[in-house]
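In order, the protein sequence lines correspond to chains A and B. Last residue of the first sequence: number 1441 in this note's numbering, and the count goes up by one each step with no gaps. Last residue of the second sequence: number 1441 in this note's numbering, and the count goes up by one each step with no gaps. For each residue, glycine too, the CB sits at the ideal point set by N, CA and C. Right, one structure below, let's go through it.
Protein chains: 2
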Amino acid sequence: MTDFATTKALFHLPEGMIYLDGNSLGPLPKTAATRVTRTVEAEWGEMLITGWNKAGWMAQPSVLGDRIGRLIGAEPGHVTTGDTLSIKVYQALAAALEMRPDRRVILSDNGNFPSDLYMAEGLLRQLGSGYELRVVDPDQVADALTDEIAVMMLTQVDYRTGRMHDMADLTARAHAVGALTVWDLAHSAGAFPVHLARDGADFAVGCTYKYLNAGPGAPAFIYVAPRHAERVQPALSGWLGHEAPFAFDLDYRPGARIERMRVGTPPVLQMAALEASLDIWDQVDLDDLRAASVALCEQFIAGVEATCPDLVLASPRDAAQRGSQVSFHFADGYAAMQALIAHGVIGDFRAPDIMRFGFTPLFIDAGDVDQAIAILGEIMRDRLWDREAYKIRAAVT
Amino acid sequence: MTDFATTKALFHLPEGMIYLDGNSLGPLPKTAATRVTRTVEAEWGEMLITGWNKAGWMAQPSVLGDRIGRLIGAEPGHVTTGDTLSIKVYQALAAALEMRPDRRVILSDNGNFPSDLYMAEGLLRQLGSGYELRVVDPDQVADALTDEIAVMMLTQVDYRTGRMHDMADLTARAHAVGALTVWDLAHSAGAFPVHLARDGADFAVGCTYKYLNAGPGAPAFIYVAPRHAERVQPALSGWLGHEAPFAFDLDYRPGARIERMRVGTPPVLQMAALEASLDIWDQVDLDDLRAASVALCEQFIAGVEATCPDLVLASPRDAAQRGSQVSFHFADGYAAMQALIAHGVIGDFRAPDIMRFGFTPLFIDAGDVDQAIAILGEIMRDRLWDREAYKIRAAVT
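Here's what the structure looks like:
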């Protein structure tokens, strides 16, 4: 059994704050500061250029990739880290499209994170005429899978509502029409158990600054299924994805398997913070995590619905169809969220009217949820947001 | 007058080490550890998600871009930072090619850093048939500029020999045939004054972990000339290059000027180290730097030629044609370099036979150069490398 009281003690959480925004930026693991300082002072400072080998900087992207791999059900040796999520989306999408040269359509949905759609637009413009990005409603994806589709690119969990796609089902449907799949795990990795290998995913990408708690600007990750790993042709063919980066050949030869999805030099300081955050994850059983996450979300939904009749649930009521967040519609949601933040409960707001709360058992417990419900209830009852919103607006201008 | 004794005291240099490899990875600015720790503890730890605005993380890529801009002669507001150099090469190249839709050839030279050529290969494969990457000898570039050339992509300073291209001259020649230019400043920025605006460069890219001393994995930078800034169409169209990232529109609209060359979330911890390194650069006059760099290089060439007759100068003898490094050919260069490193003088080796030494007046002075010459002379005279190379090989296996 994972002991979440123990994991909670491993995070620095500001005094008096209930942080329900770990789905946007996870909090600081207490060891991260020491770990980063070690990298700065003892590695960069003392080893200088030899740190690439001596401190393991060069190998770290794939060493850490494997530790993430356990959390997302990937086969060992098939995940690497680096760059940003947008870059990794581009890599996965370009590689998948190149494997379906007779097809021209990327299928996605309007619940996808916009940057994924933007990256697809940019890629398709490079590829020239005849290509199409087809964006449908989330519940229309299954029906839109036809033999025109080269790649189905989806973010598994909707960043606004927490609505979760069924990865196994949609992947099987995509494969049935000959399409490949790119899954964005931004709101999945560290939120619940993901089973990339079991569910047959072809490509997956994600970030590490949300549920994985690796800090602002933490590197992204990418997964390529073993059956494709030696066939993909990197579009972003940088030297660290080369078979022999230090041979300095003039021609590109892709590296072995996932190594070819590396591009430039890894962000060593960010990697150190990621390592500290993964030290905590190594202690977590993901089934325990899911059970605790569902309990916290259910507790929050029940409590808010009992005390705040004006808030309308925007997330699926069925926990099986929900990630690790709960969202409510409320017309004055922006102002109410500012008031809530001013009272020490941190969630966030997404246009036009969504108040969003992330539940992360690693550092949020039932007592925090009770308190958050009580404070939110008080704000809604006394309509505290008008006054508070005004205060905040005044502070900004 | 820049006081280089003062700047030297601002770096942590390991006891007894003469570090002539700042052209590969610059040393640690003493304030960087404190600066990074502040970002980890006081910003990430205490501000959490609000750090994006409160700590200035969101604006930092372009704020720091402008401070780099001064070092490379860019107009304010036209440099931004992020990603890796390979990614920035791809962005610049894709944007430049799209501005010359009737042309199909990228011209480069075989002294370019291989990753730049690899990224061009990957891009051209996306663009489809008819495109060509034409790679000539460095001294053939001017003659190879014809009206077929869409983009001339060059690294200004050869990473092996330090040979420097004449940016003003080649840019003018490229423009005369209607080509655009992409200059890679990896071995230029912080090595000597660069004059992008004066010399008419169209695009420029570079890294900050070499002469700029921003640490392992430090972000790259990109420059787009003001006359092109609102015309370029980003191929890597990520949300932070969007006109309104937090509107979460489904369609991409490029941001203002250089902001559109941002892609994903910035590497905040690496940015903190970059900020510390730029605090030192703010004190440096680049003409003083160039004068001091030339003096150190001349001193080293004269000293080595006097004491090591087996070493043959690989760099241009004329300082005006040389960056801030000096290289020598020597058949046993790899082993000799290992011996030199074992004796506390850090340079590096590039196949097949190049011993490479970087000179960075910010933390290397004439006394260091004298010592380096003396130690290298001793190693060469006593042929110390056989024994040392054996020791090192034994340690590796």
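Can a CB atom of chain A be found closer than 8 Å to the CB of residue i?
i	result
threonine 1124 of chain B	no
isoleucine 1081 of chain B	Checking the displayed sequence, the identity of residue 1081 of chain B turns out to be threonine instead of isoleucine. So yes, threonine 1081 of chain B belongs to the interface.
leucine 1428 of chain B	no
tyrosine 1134 of chain B	yes
arginine 1275 of chain B	no
phenylalanine 1292 of chain B	yes
arginine 1437 of chain B	Low local confidence applies: a pLDDT of 49 at arginine 1437 of chain B is under 50, so the model's placement there is unreliable, with the coordinate-based value given in what follows. No, because no Cβ of chain A sits closer than 8 Å to the Cβ of arginine 1437 of chain B.
alanine 1386 of chain B	no
serine 1368 of chain B	no
proline 1311 of chain B	yes
leucine 1054 of chain B	no
arginine 1169 of chain B	yes
In or out: residue i buried (at least 16 other Cβ within 10 Å) or exposed?
i	result
threonine 1225 of chain B	buried
glycine 1166 of chain A	buried
proline 1158 of chain A	buried
aspartate 1146 of chain B	exposed
valine 1185 of chain B	buried
leucine 1340 of chain B	buried
glutamate 1303 of chain B	buried
valine 1356 of chain A	exposed
leucine 1284 of chain B	buried
valine 1135 of chain B	For the sequence presented, residue 1135 of chain B should be read as glutamine rather than valine. Classification of glutamine 1135 of chain B: buried, given that the 10 Å Cβ count is 16 or more.
alanine 1076 of chain A	buried
serine 1173 of chain B	exposed
alanine 1439 of chain A	Model confidence at alanine 1439 of chain A stands at a pLDDT of 47, short of 50, so the residue's coordinates are unreliable and nothing is read from them.
aspartate 1183 of chain B	exposed
lysine 1098 of chain B	exposed
alanine 1053 of chain A	exposed
methionine 1045 of chain A	exposed
arginine 1400 of chain B	buried
Could you check whether the Cβ of residue i sits closer than 8 Å to any Cβ belonging to chain E?
i	result
aspartate 1331 of chain B	Absence of chain E from the displayed structure is noted, the protein chains being A and B.
Does residue i get closer than 8 Å to chain B when you measure Cβ to Cβ?
i	result
methionine 1163 of chain A	yes
alanine 1279 of chain A	yes
aspartate 1127 of chain A	yes
tyrosine 1267 of chain A	no
glutamine 1200 of chain A	no
leucine 1064 of chain A	no
tyrosine 1175 of chain A	no
valine 1307 of chain A	yes
histidine 1209 of chain A	no
Going by C-alpha to C-alpha distance, which of the options sits closest to residue i?
i	options	result
alanine 1223 of chain A	A:Ala1300, A:Val1195 and A:Ala1363	A:Val1195
arginine 1297 of chain B	B:Val1370, B:Thr1309 and B:Glu1274	B:Glu1274
threonine 1215 of chain A	A:Leu1171, A:Ala1269 and A:Ile1112	A:Ala1269
arginine 1079 of chain B	B:Ala1317, B:Tyr1253 and B:Gly1411	B:Ala1317
aspartate 1392 of chain B	B:Met1208, B:Gln1415 and B:Arg1204	B:Arg1204
arginine 1394 of chain B	A:Pro1289, A:Leu1151, A:Met1399 and A:Gln1277	A:Pro1289
alanine 1418 of chain A	A:Ala1380, A:Arg1361, A:Val1348 and A:Arg1366	A:Val1348
isoleucine 1193 of chain A	A:Val1149, A:Asp1153 and A:Pro1405	A:Val1149
alanine 1218 of chain A	A:Asp1228, A:Leu1189, A:Ala1235 and A:Arg1242	A:Leu1189
alanine 1245 of chain A	A:Asp1110, A:Ile1390, A:Ala1118 and A:Gly1421	A:Ala1118
Taking the continuous alpha helix (DSSP H) assigned at residue i, which residues delimit it?
i	result
cysteine 1341 of chain B	1330-1351
phenylalanine 1048 of chain B	1048-1052
methionine 1163 of chain B	1158-1171
threonine 1078 of chain B	1074-1082
threonine 1497 of chain A	Given a span of 1045 to 1441 for chain A in the structure shown, any question on residue 1497 of chain A remains unanswerable.
asparagine 1097 of chain B	1095-1098
glutamate 1319 of chain B	1312-1325
isoleucine 1423 of chain A	1410-1425
Give me whichever residues DSSP pairs with residue i in a beta bridge.
i	result
glutamate 1059 of chain A	DSSP, once it has assigned bridges, lists no residue as partnering glutamate 1059 of chain A.
isoleucine 1150 of chain A	A:Leu1177 and A:Val1195
leucine 1286 of chain B	According to the sequence displayed, residue 1286 of chain B carries histidine and not leucine. According to DSSP, which records beta bridges pairwise, histidine 1286 of chain B is partnered with B:Pro1298.
tyrosine 1267 of chain B	B:Val1123 and B:Ala1248
threonine 1225 of chain A	A:Met1196
aspartate 1392 of chain A	A:Arg1400
arginine 1204 of chain A	None; arginine 1204 of chain A has no bridge partner.
valine 1276 of chain A	None, per the DSSP bridge assignment.
Under DSSP, the beta strand (DSSP E) around residue i begins and ends at which residues?
i	result
leucine 1294 of chain A	Where leucine 1294 of chain A is concerned, there is no enclosing beta strand (DSSP E), given that its DSSP letter is neither H nor E.
serine 1371 of chain A	1369-1373
glycine 1126 of chain A	1123-1126
Would the beta-carbon of residue i be found less than 7 Å away from any heavy atom of the ligand FAD?
i	result
methionine 1305 of chain A	By its list of ligands, the structure shown contains no ligand whatsoever, and the ligand FAD lies outside what it can speak to.
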